[in-house]
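Chemist: Its first residue numbered 254, the sequence shown is counted upward by one per residue in our numbering. Don't be surprised by glycine CBs; every beta carbon is placed ideally from N, CA and C. Quantities reported herein were computed from a predicted structural model and do not represent experimental measurements.
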Amino acid sequence: MGSGFSLPIIAPSLLSADFSSLGTEVRRVLREGCTWIHLDVMDNHFVPNLTFGPPVIKCLRKVSEKAFFDAHLMVDSPETLVKPCAEAGVQLLTFHYESSPNNAKDLVDLIRQNGMQVGISIRPPTPVGRIEKLLKDIDLVLVMTVEPGFGGQAMIPSCLNKIRTLRRLRERQRSRFLVQVDGGINADTIGLAVAAGAEILVAGSAVFANGDVKTNIANLRAQILKTCGCS
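1) Restricting to runs no shorter than 3 residues, where is the beta strand (DSSP E) found entirely within the segment 343 to 387?
2) For a test of the three-state rule: what should DSSP assign to P307, helix, strand or coil?
3) Rounded to the nearest angstrom, what separates P410 and P308 at their Cα positions?
4) Could you tell me how far apart the beta carbons of G457 and S269 are, in whole angstroms, since I believe they sit closer than 8 Å?
5) Whose CA, out of K336, R376, P378, R280, lies closest to the CA of D362?
6) Does the count of Cβ pairs from the segment 400 to 414 and the segment 430 to 447 closer than 8 Å reach three?
7) So for A446, helix, strand or coil by DSSP?
8) Could you tell me the alpha carbon to alpha carbon distance between E382 and V396, rounded to whole angstroms?
9) Can you name, in chain order, every residue of its own chain whose Cβ lies under 8 Å from the Cβ of I373, other than the five neighbours on each side?
10) Taking only runs of the beta strand (DSSP E) that begin and end inside the segment 399 to 478, which ones reach a length of at least 3 residues, in chain order?
11) Are the CB atoms of I290 and I453 within a distance shorter than 8 Å?
12) CB D202 to CB L345, shorter than 8 Å?
13) Whole angstroms is fine: what's the gap from K415's alpha carbon to V399's?
14) Alpha carbon to alpha carbon, how far is S256 from A320?
15) When we look at the beta-carbon of N297 and count the other beta-carbons within 10 Å, is it buried (16 or more) or exposed?
16) Looking only at its own chain, which residues have a Cβ that is under 6 Å from the Cβ of V447, when we skip the five neighbours before and after it?
17) Do you know offhand how far N364's Cα is from S352's?
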């Protein structure tokens, strides 16, 4: 899983980047040492927003060959995007359990067959128990701490309890999945997520706000180090 990374990882979300110059935005975060890129794919059906898909991701891969591409599918019928995402250069593909509750295991297998690592995401109302049987088969669990669809929302703190539950389950099962969190992550909340056990921290607005990517990422890193007792 993402060899060469040191946990915790800041994963900038391009949802909050300037869509008119996504290639430049990717280069900016790469210069600051953020090589895990979070790509929010929305279809305006599963969530009330529309972003980009595999053709755009394929273009971004050309300008960021060394980046780790983590695509988060917030779409109906995610199985239709598995092969196109693989061909676009995605390395980790995450789908929502709520979009495929009856064929989640088949979707896990399909993603693997297409050469990608597998993630499963759950919305705030969905309990961890719904995906417990799948945990040994996947590489990552994405805990949404806001309702998916839009950036800039405030974190729902109670969702952090899911991270604690997942860490306990991982130890009990001797599983190897990583725990990712997305939603309301900023300099004020990132420490709470790290303290709860999150290992991959998706941040959009907190990275790209005001265009000062360098300072924003430095502030997030400072809070992580403070929480880990390294500052």
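Modeler: Straight from the coordinates:
1) Taking only runs of at least 3 residues, the beta strand (DSSP E) segments lying wholly in the segment 343 to 387 are 345 to 349, 370 to 375.
2) To locate residue 307, count along the sequence shown from 1; it is residue 54. Collapsing the DSSP output to three states places P307 in a helix.
3) Residue numbering aside, residue 410 sits at position 157 when the sequence shown is read from its first letter. Residue numbering aside, residue 308 sits at position 55 when the sequence shown is read from its first letter. Between P410 and P308, the C-alpha separation is close to 35 Å.
4) Indexing the sequence shown from 1 puts residue 457 at position 204. Indexing the sequence shown from 1 puts residue 269 at position 16. Between S269 and G457 the Cβ distance is about 3 Å, and since that is below 8 Å, they are a contact.
5) Residue mapping note: residue 362 aligns to position 109 of the sequence shown, counting from 1. Sorting K336, R376, P378, R280 by C-alpha distance to the C-alpha of D362 places K336 at the top.
6) Because the criterion of three Cβ pairs below 8 Å is met, the segment 400 to 414 and the segment 430 to 447 touch.
7) Here residue 446 refers to the residue found at position 193 of the sequence shown. Assignment of A446 by DSSP, reduced to helix, strand and coil, places it in the helix class.
8) Along the sequence shown, read from residue 1 onward, the residue named residue 382 stands at position 129. Along the sequence shown, read from residue 1 onward, the residue named residue 396 stands at position 143. The question names Glu, but residue 382 in the sequence shown is Gly. In this structure, the straight-line span from the alpha carbon of G382 to that of V396 is close to 13 Å.
9) Sequence index remark: in the sequence shown, residue 373 carries index 120 (1-based). Cβ within range, chain order: T347, F348, H349, Y350, A357, V361, I384, L387, I391, L393, V394, L395.
10) Runs of the beta strand (DSSP E) lying entirely within the segment 399 to 478, each at least 3 residues long, are 431 to 435, 453 to 456 in chain order.
11) Start at 1 with the first residue of the sequence shown, and residue 453 comes out as number 200. Start at 1 with the first residue of the sequence shown, and residue 290 comes out as number 37. With respect to the 8 Å criterion, I453 and I290 are not classified as neighbours on the basis of their beta carbons.
12) Within the shown structure, residues of the chain are numbered from 254 to 484, placing residue 202 beyond reach of any answer.
13) For the purposes of this step, residue 415 is taken as the residue at position 162 of the sequence shown. For the purposes of this step, residue 399 is taken as the residue at position 146 of the sequence shown. Their Cα atoms are separated by approximately 13 Å.
14) Taking the first residue of the sequence shown as 1, we reach residue 256 at position 3. Taking the first residue of the sequence shown as 1, we reach residue 320 at position 67. Interpretation of S256 is limited by its pLDDT of 47, a score under 50 that renders its predicted location unreliable; the figure taken from the coordinates is listed afterwards. Whole-angstrom Cα-Cα distance: 12 Å.
15) Here residue 297 refers to the residue found at position 44 when the sequence shown is read from its first residue. It counts as exposed.
16) In the sequence shown, the residue the question calls residue 447 occupies position 194. Setting aside the 5 residues that flank it on each side, V447 is surrounded in the same chain by P261, I477, T480, each with a C-beta closer than 6 Å to its C-beta; the list follows chain order.
17) Taking the sequence shown and counting its residues from 1, one reaches residue 364 at position 111. Taking the sequence shown and counting its residues from 1, one reaches residue 352 at position 99. According to the sequence shown, residue 364 is Ile rather than Asn. Rounded to whole angstroms, I364 to S352 spans 15 Å at the Cα level.
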